[in-house]
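One structure is given below, encoded as structure tokens.
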Amino acid sequence: MGTNGREVRAMSEAVSAELRSQLARHRWTVRRFAAAHNLPLSTLHKTLNAGRVVDVEDLYSICVALGIEPADVIEAASREVERSLASNVTPFHKDRSPEVSDAEYYDAVAKSEESTIEVPEFPEG
């Protein structure tokens, strides 16, 4: 379940993935993007990492800042969800055990996505 009390499902995960992709295409780091566009860094991280259900206001703000249409993000995400449903695969599911820390998870995601998205450092504990 996401931090806004609703379960994160395939569409939110696909929208998050598309937004990450758009940020990478525009060569933005999360930290720089948040600062440049006056967006809360923690909200941006949660949105981009499917840590919560994507909020339409946040989606709009991010898209305006990137100079892209929110409808294009929704369309791309919808195609990906349809493709995954057709193949009976859920490519966005965060398959991780409870023993994996957030820092380890984000580190692995950053290495696997080969993007310019900054991964926050988490304090031990």
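In terms of the working numbering, the sequence shown opens at residue 94 and continues consecutively. Glycine included, every Cβ here is placed at the ideal spot set by N, Cα and C. Computed from a predicted model, the values in this text were never measured in an experiment.
How many Å lie between residue i and residue j at the Cα?
i: N131; j: L152; result: 14 Å
i: S114; j: V149; result: 18 Å
i: R163; j: S180; result: Before going further, note that residue 163 is Pro rather than Arg in the sequence given. Cα-Cα distance, rounded: 26 Å.
i: H186; j: A129; result: Model confidence at H186 stands at a pLDDT of 48, short of 50, so the residue's coordinates are unreliable and nothing is read from them.
i: L141; j: H119; result: 15 Å
i: T209; j: F126; result: Low confidence applies here, because T209 scores a pLDDT of 49, under 50, leaving its location unreliable and the question unanswered by this model.
i: L116; j: R99; result: 25 Å
i: L137; j: I161; result: 17 Å
i: K139; j: A169; result: 20 Å
i: E175; j: W121; result: 28 Å
i: A158; j: A110; result: 17 Å
For residue i, is the beta carbon positioned less than 6 Å from some heavy atom of the ligand COA?
i: T140; result: The ligand COA is not part of this structure, which contains no ligands at all.
So residue i and residue j are in contact, right, with Cβ under 8 Å, and what is the actual spacing, rounded?
i: R124; j: L134; result: 6 Å
i: V147; j: C156; result: Actually they are not in contact, since the Cβ atoms of V147 and C156 sit about 11 Å apart, beyond 8 Å.
i: A103; j: S177; result: 7 Å
i: V101; j: R145; result: 7 Å
i: A143; j: S171; result: Going by Cβ atoms, the distance from A143 to S171 rounds to 16 Å, so no, they are not a contact pair.
Under the rule that 16 or more other beta-carbon atoms within 10 Å means buried, what is residue i, buried or exposed?
i: E173; result: buried
State yes or no: is the beta carbon of residue i nearer than 7 Å to at least one beta carbon in chain C?
i: S114; result: The chain inventory of the structure shown lacks chain C, comprising one protein chain alone.
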